[in-house]
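Quick note on the numbering used here: the sequence shown kicks off at 1 and runs consecutively. Backbone N, C-alpha and C fix where the C-beta goes; we use that ideal spot for every residue, glycine too. I have placed the structure first, in the form of structure tokens, so that the comments after it can refer back to it.
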Amino acid sequence: MEDLSLHILDVAENSLAAKATRVVIRLEEDTQANTLRLTIEDNGQGMDKETLKKAVDPFFTTKQTRRVGLGLSLLAQAAHETGGQFFIESKPGWGTKVVAIFKTDHWDLKPLGDIGQTMLTLILGHPEVEIVFILRRDDKESIFSTEEVKSKLNGLPLNSPRAIPLIMNHINKVMNL
């Protein structure tokens, strides 16, 4: 994966495959510490201890359609390549939390990519799921929530063509923190 937005899409899709009804994606940049923390939390079915131990093994997957699961292992590798860290917390019935910390002053840091299009893809593909995107740079924070957008659509579905400009407008406001 060439940029962080593709990692976000992959992990969020894992959350949705685990029957999450709420996915929170948080990007926190600390310019003093030169770190970027990516956190993706869901309320999906979660993983038991055995599955959790294997989750970053590229030759392990719970999906029936393929025999490898590269997403989490590639995200962990991307974080470690910058001198950062990677963690996963999960429990059955609780959900999963994935945290990748990147050192922003390292030459191996991948570009952020098109977060707006990633968010739009998730929202249009899963309009029934509450998706929250939080961007924090030092002491400034901006939040996007599908629930907030839904309240302004007067019953129009999130995946309606007329809703797309409103969604993108809200995402762009968040990205221009």
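CB-CB length for residue i against residue j, believed under 8 Å
i: ASP10; j: GLY71; result: 4 Å
i: LEU177; j: LEU124; result: Not confirmed; about 23 Å, so no contact.
i: SER5; j: THR118; result: 4 Å
Residue i to residue j span [Cα, whole Å]
i: VAL23; j: VAL132; result: 6 Å
i: GLU2; j: PRO111; result: 8 Å
i: THR96; j: VAL174; result: 24 Å
i: PRO92; j: LEU156; result: 34 Å
i: SER145; j: GLU130; result: 7 Å
i: ILE171; j: GLY116; result: 6 Å
i: VAL99; j: SER73; result: 12 Å
Top-ranked residue by Cα proximity to residue i, from the options
i: ILE167; options: SER142, VAL149, ASN34 and SER5; result: VAL149
i: THR39; options: SER145, ALA12, GLY155 and LYS49; result: ALA12
i: HIS80; options: THR146, ILE115 and PHE102; result: PHE102
i: HIS126; options: LYS53, GLU147 and HIS7; result: GLU147
Burial state of residue i, where buried means 16 or more other Cβ atoms lie within 10 Å
i: GLU41; result: buried
i: SER151; result: exposed
i: THR82; result: buried
i: GLY69; result: In this prediction, GLY69 has a pLDDT of 49, which is less than 50 and means its spatial position is unreliable; what the coordinates show is noted afterwards. Counting Cβ neighbours within 10 Å, GLY69 comes out buried, since at least 16 surround it.
i: ALA33; result: exposed
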